[in-house]
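Numbering (our numbering), first residue to last: 11 to 229.
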């Protein structure tokens, strides 16, 4: 495992820094520190078919990267980092835009997510309706959903009540998944989260290692 600070990555050195990796995970976070490095790393993973897992901000950065480099929207961004962007692919939920005191306004706790059958997510969970825990304020902007889907990004997990996008995938890629929730909150050594298990299996496959499903629970 190679821990890389995204501030140390840019479009000039991304290939050199990441070429030896068999999988890339962009972790959760807040703010704009290292955001360009995260986006460069995701572009590298997408274009070079390296297994990619984006969690919370990592998913949001994947949406931004796709909008910029596939949809051709160079100023696409999150309004968390750029509130003047003309293409806010990540934005506040509508009812939060007038809130001036942000304390206690994050989307917290467990929410339902409806999965599409033909997806990596469904293959991991083996069920259509799941519950996952959240801790964030910004969301995928559904105004861009049809445009994203027309270029190959699939929204494979949707909240059935709010219609917010919870999971994105790229079917043309061996393993490219972004989730708005935090699977690490429900993952333990004894019972690793199925998304982490699937990601590690994809990484091992990329590395040319045999994939063996092991039990982490003593018999």
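Ideal Cβ positions, reconstructed from N, Cα and C, are used throughout, including at glycine.
Note that this is a predicted model, so its numbers are computed, not measured.
Separation of residue 163 from residue 176, as counted between CA atoms: One alpha carbon belongs to residue 176, the other to residue 163, and they sit about 13 Å apart.
Out of 44, 50, 38, 35, which has the shortest C-alpha to C-alpha gap to residue 23? Looking at the Cα atoms, 50 is the closest of the given residues.
Start-to-end residues for the alpha helix (DSSP H) that takes in residue 75: Here the alpha helix (DSSP H) through residue 75 covers 67 to 79.
Going by beta-carbon coordinates alone, are residue 130 and residue 215 separated by less than 8 Å? Their beta carbons are not under 8 Å apart, which means residue 130 does not touch residue 215 by this criterion.
Hey, quick one: how far does the beta strand (DSSP E) through residue 239 stretch, first residue to last? Lying before the first or after the last residue shown, residue 239 is absent from the chain, which here runs from 11 to 229.
Could you check which residue in 32, 30, 45 has the C-alpha nearest to that of residue 5? Outside the modelled stretch of the chain, which goes from 11 to 229, sits residue 5, for which no answer is possible.
Would you report the Cα separation of residue 13 and residue 192, rounded to the nearest angstrom? Going from the Cα of residue 13 to the Cα of residue 192 covers about 19 Å.
Is it buried or exposed, residue 218, if we count other Cβ atoms within 10 angstroms and call 16 or more buried? It counts as exposed.
When we look at the beta-carbon of residue 40 and count the other beta-carbons within 10 Å, is it buried (16 or more) or exposed? By the 10 Å Cβ count, residue 40 comes out exposed.
Neighbour-count burial assignment, residue 144, 16 or more Cβ in a 10 Å radius: Buried: at least 16 other Cβ atoms inside 10 Å.
Which of the three DSSP states is assigned to residue 167 in this structure? Correct three-state label for residue 167: strand.
Here's the rule I'm using: 16 or more other beta-carbon atoms within 10 Å means buried, otherwise exposed. How should residue 48 be labelled? Buried, because 16 or more other Cβ atoms sit within 10 Å of the Cβ of residue 48.
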